[in-house]
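For the sequence shown, the positions run 69 to 503 when the working numbering is used.
Glycine included, C-beta positions come from ideal geometry on N, C-alpha and C.
I have placed the structure first, in the form of structure tokens, so that the comments after it can refer back to it.
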Amino acid sequence: MLYDRLVNPKLLLHAPHDAEYIYVGKFPKHHTLRQELIQEELVRHAHLHRTVVRLKGGDPGIFGRVGEETAALDEHNIPYDIVPGVTSGIAAPLYAGVPVTHRDYGASFAVAAGHRKKDSADELDWKSLAGIETLAFYMGINNLEQITEQLLRHGRDPNEPAIIIEWGTTSKQRSVRASLGTLAKRAKEMTVINPAITLVGNVNHLHNDTSWWEKKPRFGSSVVIAYDEDVSTHLEDVLEHEGAEVLVYPKTSTHPLPSPDVDWSHIPSVQFDDATAVNHWFHWLKEQSLDIRSVYSRLIATTDRARVQLEQYGLSSTMAGSGLSAVRLASAPSTKHIASSRHTYHPVSHLCLHNRFKDEERTVVYFPTKRSVAFFIDGLEKGDLTDWIANVDAVCFDEETKRKASLWFHIKEEDDASHSLRRAWQSSENRRSTI
Numbered sequence: 069m070l071y072d073r074l075v076n077p078k079l080l081l082h083a084p085h086d087a088e089y090i091y092v093g094k095f096p097k098h099h100t101l102r103q104e105l106i107q108e109e110l111v112r113h114a115h116l117h118r119t120v121v122r123l124k125g126g127d128p129g130i131f132g133r134v135g136e137e138t139a140a141l142d143e144h145n146i147p148y149d150i151v152p153g154v155t156s157g158i159a160a161p162l163y164a165g166v167p168v169t170h171r172d173y174g175a176s177f178a179v180a181a182g183h184r185k186k187d188s189a190d191e192l193d194w195k196s197l198a199g200i201e202t203l204a205f206y207m208g209i210n211n212l213e214q215i216t217e218q219l220l221r222h223g224r225d226p227n228e229p230a231i232i233i234e235w236g237t238t239s240k241q242r243s244v245r246a247s248l249g250t251l252a253k254r255a256k257e258m259t260v261i262n263p264a265i266t267l268v269g270n271v272n273h274l275h276n277d278t279s280w281w282e283k284k285p286r287f288g289s290s291v292v293i294a295y296d297e298d299v300s301t302h303l304e305d306v307l308e309h310e311g312a313e314v315l316v317y318p319k320t321s322t323h324p325l326p327s328p329d330v331d332w333s334h335i336p337s338v339q340f341d342d343a344t345a346v347n348h349w350f351h352w353l354k355e356q357s358l359d360i361r362s363v364y365s366r367l368i369a370t371t372d373r374a375r376v377q378l379e380q381y382g383l384s385s386t387m388a389g390s391g392l393s394a395v396r397l398a399s400a401p402s403t404k405h406i407a408s409s410r411h412t413y414h415p416v417s418h419l420c421l422h423n424r425f426k427d428e429e430r431t432v433v434y435f436p437t438k439r440s441v442a443f444f445i446d447g448l449e450k451g452d453l454t455d456w457i458a459n460v461d462a463v464c465f466d467e468e469t470k471r472k473a474s475l476w477f478h479i480k481e482e483d484d485a486s487h488s489l490r491r492a493w494q495s496s497e498n499r500r501s502t503i
């Protein structure tokens, strides 16, 4: 997989664990790989009979060099598919609350590269551009004075509304509004940087002070949640719906281990720590050709999730309490019980967390359960990220989890945001426990 700078790295998590990832991102005035070398890499890997993905942000046909890359593949008779995307010149304005066309404000729309060199041979046709009602300029912050000057020179109204959307569609999105005549000055005052889309046109009259995206209750928040089976995944869905940028760490794949040398028909009690252990236990019974009716074990659940999963198989269970002794099954790492599964960690998961550590002076990690602490520590060790432990502030959702996390991390007391997050998690857990 060859991926660009502005690709959300979470997209890479959908690739197989054993995929090879090649970063080919381009920064202003610095390219990790020249375009010719990117094309050579595509051809080389295709000739090795690999499935090759060229992952780009936005739409590959809009300033994405797709024409050059497909030409290189055609030259070597390599078949390919193209998957269109949503270009940032349309997506970013929509996330700022502005459609690029509107029956009352603009029926024509054009996109233009905003970073061409002044007086270059491929200078834009400013006369034609000035006649189009809505204009989107890509990556044009450094040339904003030239862009506005040319548009004004070719007849655009200096009072026409304009907007710059910085880091559009992300939790770092920021919108800067001004008239066309004052846009360059305003951008300097607000220290606007790329990546950014500059939108010029009367459609900007539709922009409110806060867009639908920026009104979401958790817009602008960056959240790291320690993984615990599908508990964290469900919480991730809730938080992303509320506008947060969420990373669940570590990203794992769970594989059942071979059945242990245990005669389950003679075990008096079996205790399950999670739903995964329940599923793997039934997998073992099937491997041994054991009918559940021949198993007389007392089934004990230590969590609501294990209880609910047993009920899905039509079995009742006893919730764990004092004095219970049983063969105990768990899927979490670093337990003293019979492990029911093996976890493999997605390499991109480590990359995503490492990027968070680099970008933030302190990284707040939310631990919903004590098991999530074990998963997180195991992930840090597997990803060679333990040097960053001192940078973690842990927010725990119960006292038992707090005691376990305090062995490694600085405990951060709950503020309004973390208290709200814990309530959201507890609410989602209550709903799931009643299924």
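Item                                                                                                                                                                      : Value
Can you list, in chain order, the residues of its chain with a C-beta nearer than 8 Å to that of ALA374? Leave out the 5 residues immediately preceding and following it. : PHE340, ASP341, ASP342, ALA343, ALA345, VAL346 and SER385
Take the Cβ of ILE360 as the centre, count every other Cβ of all protein chains shown within 10 Å, and call the residue buried at 16 or more, exposed below.              : exposed
With distance defined between alpha-carbon atoms, name the residue in HIS85, ALA252 and GLU108 nearest to VAL268.                                                         : ALA252
Could you give the first and the last residue of the continuous beta strand (DSSP E) run that contains GLU428?                                                            : First-last for GLU428: undefined, no H or E at that position.
With distance defined between alpha-carbon atoms, name the residue in PHE465, ALA473 and VAL316 nearest to GLU482.                                                        : PHE465
With a CB to CB cut of under 6 Å and the five nearest residues on each side skipped, what residues in its chain are close to ILE158?                                      : VAL168
What residue does the beta strand (DSSP E) around THR138 start on, and which one ends it?                                                                                 : Here THR138 belongs to no beta strand (DSSP E); instead the alpha helix (DSSP H) covers 134-143.
Just to confirm before moving on: does the CB-CB distance between THR278 and GLY208 stay below 8 Å?                                                                       : no
Taking TYR163 and VAL291 to be in contact with their CB atoms under 8 Å, please state how far apart those CB atoms are, rounded to whole angstroms.                       : Going by Cβ atoms, the distance from TYR163 to VAL291 rounds to 19 Å, so no, they are not a contact pair.
Return the first residue and the last residue of the beta strand (DSSP E) that PHE205 is part of.                                                                         : 202-206
On the criterion of 16 or more Cβ atoms from any shown chain inside 10 Å, does GLY391 qualify as buried, or is it exposed?                                                : Low per-residue confidence applies at GLY391: pLDDT is 45, beneath 50, and the placement is therefore not dependable, though the value from the model is reported in the following sentence. It counts as exposed.
By the three-class DSSP mapping on this structure, what secondary structure does SER289 have?                                                                             : coil
I need the DSSP call for VAL460, collapsed to helix, strand or coil.                                                                                                      : strand
Find the nearest neighbour of VAL316 within the set PRO436, SER176, GLU468 and MET69, judged by alpha-carbon distance.                                                    : PRO436
Here's the rule: buried if 16 or more other CB atoms are within 10 angstroms of the residue's CB, otherwise exposed. What is TYR71?                                       : buried
So, for ALA178: in the same chain, excluding its five sequence neighbours on each side, which residues have a beta-carbon less than 8 Å away from its beta-carbon?        : LEU197, ILE200, THR202, LEU203 and ALA204
In the segment 102-137, which residue ranges form an unbroken alpha helix (DSSP H) of at least 4 residues, counting only runs that do not cross its ends?                 : 103-115
What residue range does the alpha helix (DSSP H) around GLN214 cover?                                                                                                     : 212-221
In or out: PRO318 buried (at least 16 other Cβ within 10 Å) or exposed?                                                                                                   : buried
To the nearest angstrom, how far is it from the Cα of PRO69 to the Cα of ASP296?                                                                                          : Reading off the sequence, residue 69 comes out as Met, not Pro. MET69 and ASP296: Cα-Cα distance of roughly 28 Å.
Kindly indicate which three-state DSSP category PHE477 falls into: helix, strand or coil?                                                                                 : coil
At which residues does the alpha helix (DSSP H) containing ARG439 begin and terminate?                                                                                    : 438-450
Look at VAL441 and ALA294 and say whether their C-beta atoms are less than 8 Å apart.                                                                                     : yes
Going by the CB atoms, is the gap between LEU110 and GLU137 shorter than 8 Å?                                                                                             : yes
Using DSSP's beta-bridge definition, name the partner residues of GLY174.                                                                                                 : HIS170
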